[in-house]
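Let me begin by presenting the structure, written as structure tokens, before commenting on it.
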Amino acid sequence: MAAEGRSDASQPQDVATMHQLLRSMGVDEFEPRVVNQLMDFMYKYASDVLLDAEVFSEHAGRAPGSVDLNGVTLAIQSRTSGFVQPPPQERVAELAKLYNDVPLPDIVSKPGLPLPPEGKLLAQPNWQYDPTGQYQQQR
């Protein structure tokens, strides 16, 4: 069931904020569980950043349990390396054209399951096992 991006007065402020965030991104209909998942991510991310900031602040010689702006900034910077920006749309279109310009191999009409040519099979064995050593002796 899709939920409208409405906020009502009985909702907690964080839920209403998440609805506004989704609306600002152009998402008008969504499952109600999406908000719960985003809230879980937000709380985990914020708590992890604050715990890292506390460790950084203690390492800098500040009082245990204290957090300052420099520690939070460093914690956020250390975590943003996991979020990779997607390539520009023009680059994606360029790569798609490059790969789509390569023609597919002809399909051979024969009975059974159509498979790629022998050299292109992913399930083809790529190793040899000779426990007797006869293969080495024949060379």
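Residue numbers 1 to 139, in full-length UniProt numbering, belong to the letters of the sequence shown in order. Just so it is clear, CB atoms sit at the ideal spot from N, CA and C, and this is done for glycine as well.
Determine, using beta carbons only, whether residue i and residue j come nearer to each other than 8 Å.
i	j	result
Val15	Val35	yes
Leu121	Leu115	yes
Asp48	Ser57	no
Leu21	Phe30	no
Return the CA-CA distance between residue i and residue j, expressed in angstroms with no decimal places.
i	j	result
Arg91	Phe83	19 Å
Leu104	Pro117	12 Å
Pro12	Gln37	15 Å
Ile107	Met39	50 Å
Val27	His19	9 Å
Gly119	Asn70	56 Å
Ala93	Met25	23 Å
Leu98	Ala123	26 Å
Out of the options, point me to the one whose CA is closest to residue i's CA.
i	options	result
Ser78	Leu22, Pro32 and Tyr45	Tyr45
Met42	Thr17, Gln89 and Met25	Thr17
Stretch-stretch touch, CB-based, cutoff 8 Å, three pairs: the segment 66 to 85 with the segment 35 to 52: yes
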